[in-house]
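For reference, the structure discussed in these notes is given below.
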Amino acid sequence: MVKLGILISGGGSNLQAIIDAIESKQLNASIELVVSSKAETYGLERAKRVGIPVMALSRDDYMDPLATDERIAGALQDAQVDYVVMAGYMRKVRNPLLAAFPNKIINIHPALLPSFPGAHGIKDAFDYGVKLTGVTVHFANEEYDEGAIIAQEVVEVAEEDTLESLEEKIHNVEHTLYPRVLELIAQGRVIMKDNGRVAVI
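Per our numbering, residue 515 is the first one in the sequence shown, and the count goes up by one each step.
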């Protein structure tokens, strides 16, 4: 069983998908700690509802982001997590976290990286008029949305799609892809190669 620490900033729908996958035995993992970059989010309520320990931060904490990342890293290490999972976490991870969990911090992005990085991947892809977009799960590094790609799933943009309907499609894929990738990790099937690329065996 793999032990996870989850980082969130909002409603926690991907957190809920992971919780559901664990409860349904589709994911052989436990969630040891949920860390929120905001003091009041629905994601924290999701965690508390099933007895997961939480750590809530505030905007003031991020006035010194390095110190805060060191504090988060310490809490995750104390919880003895194996992997750190960013699930809608809207803060950049910095060296204290990256050094504490090398190649063990995972992020999900609502576009097919390297296209449309950043906080508005769905809208940027929609506004550009692409016919295909999707979801990327990747290892986090010191640059936004540039870490080694683990998995991607394509989402077709239909002519009748609105931004809202595309967002729903993307989120539905996120909620199935993320637990599936985490189960591959739990099985030891995700390998970082010497060339910096990821192999799924």
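C-beta: ideal position from N, C-alpha, C; glycine also.
Indicate whether Ile622 and Val598 have their beta-carbon atoms separated by less than 8 Å. Sequence index remark: in the sequence shown, residue 622 carries index 108 (1-based). Sequence index remark: in the sequence shown, residue 598 carries index 84 (1-based). No, they are not a contact pair.
Do the region 656 to 671 and the region 683 to 690 meet, that is, are 3 or more Cβ pairs less than 8 Å apart? With a cut-off of 8 Å, the region 683 to 690 and the region 656 to 671 count as touching, because enough Cβ pairs lie within range.
Are the CB atoms of Arg560 and Gln594 within a distance shorter than 8 Å? What you label residue 594 is simply residue 80 of the sequence shown in a count that begins at 1. What you label residue 560 is simply residue 46 of the sequence shown in a count that begins at 1. In this structure, the beta-carbon distance from Gln594 to Arg560 does not fall below 8 Å.
Measure the alpha-carbon distance for Met569 versus Phe615 and round it to whole angstroms. Here residue 569 refers to the residue found at position 55 of the sequence shown. Here residue 615 refers to the residue found at position 101 of the sequence shown. Cα-Cα distance, rounded: 18 Å.
Measuring CA to CA, which of Ala613, Ala601, Ile619 and Glu657 is closest to Pro628? To locate residue 628, count along the sequence shown from 1; it is residue 114. Ranking Ala613, Ala601, Ile619 and Glu657 by Cα distance to Pro628 puts Glu657 first.
Helix, strand or coil: which one does DSSP assign to Glu537? The residue given as residue 537 occupies position 23 in the sequence shown. Glu537 falls in the helix class under three-state DSSP.
Can you list, in chain order, the residues of its chain with a C-beta nearer than 7 Å to that of Val564? Leave out the 5 residues immediately preceding and following it. Looking up residue 564 in the sequence shown gives position 50. Cβ contact annotation for Val564 (same chain, cutoff 7 Å, sequence separation greater than five): Ile533, in chain order.
Whole-angstrom distance between Pro631 and Arg608, CA atom to CA atom: To locate residue 608, count along the sequence shown from 1; it is residue 94. To locate residue 631, count along the sequence shown from 1; it is residue 117. Between Arg608 and Pro631, the alpha-carbon positions lie close to 18 Å from each other.
Looking at the strands, I want to know which residues DSSP matches up with Leu698. Translated into the one-based positions of the sequence shown, residue 698 becomes position 184. None; Leu698 has no bridge partner.
Below 8 Å on the Cβ atoms is my guess for Gly525 versus Gly557; work out the distance and round it to an integer in Å. The residue you call residue 525 lines up with position 11 of the sequence shown. The residue you call residue 557 lines up with position 43 of the sequence shown. Contact flag correct, Cβ pair sits at about 6 Å.
Alpha carbon of Ala589 to alpha carbon of Phe640, nearest angstrom: Numbered from 1 along the sequence shown, position 75 holds the residue referred to as residue 589. Numbered from 1 along the sequence shown, position 126 holds the residue referred to as residue 640. Looking at the backbone, the Cα of Ala589 and that of Phe640 are separated by about 38 Å.
Give me the Cβ distance between Leu521 and Tyr603, rounded to the nearest whole Å; I'm assuming they're in contact under 8 Å. One-based indexing of the sequence shown puts residue 521 at position 7. One-based indexing of the sequence shown puts residue 603 at position 89. Taking C-beta atoms under 8 Å as the contact rule, Leu521 and Tyr603 qualify, at a distance of about 4 Å.
Closer than 6 Å by C-beta to Leu541: which residues in its own chain qualify, once you throw out the five before and the five after it? Chain order, please. On the sequence shown, residue 541 is found 27 positions in, with the first residue counted as 1. So the list reads Ala535, Pro693, Leu696 and Glu697, once near-sequence residues are dropped.
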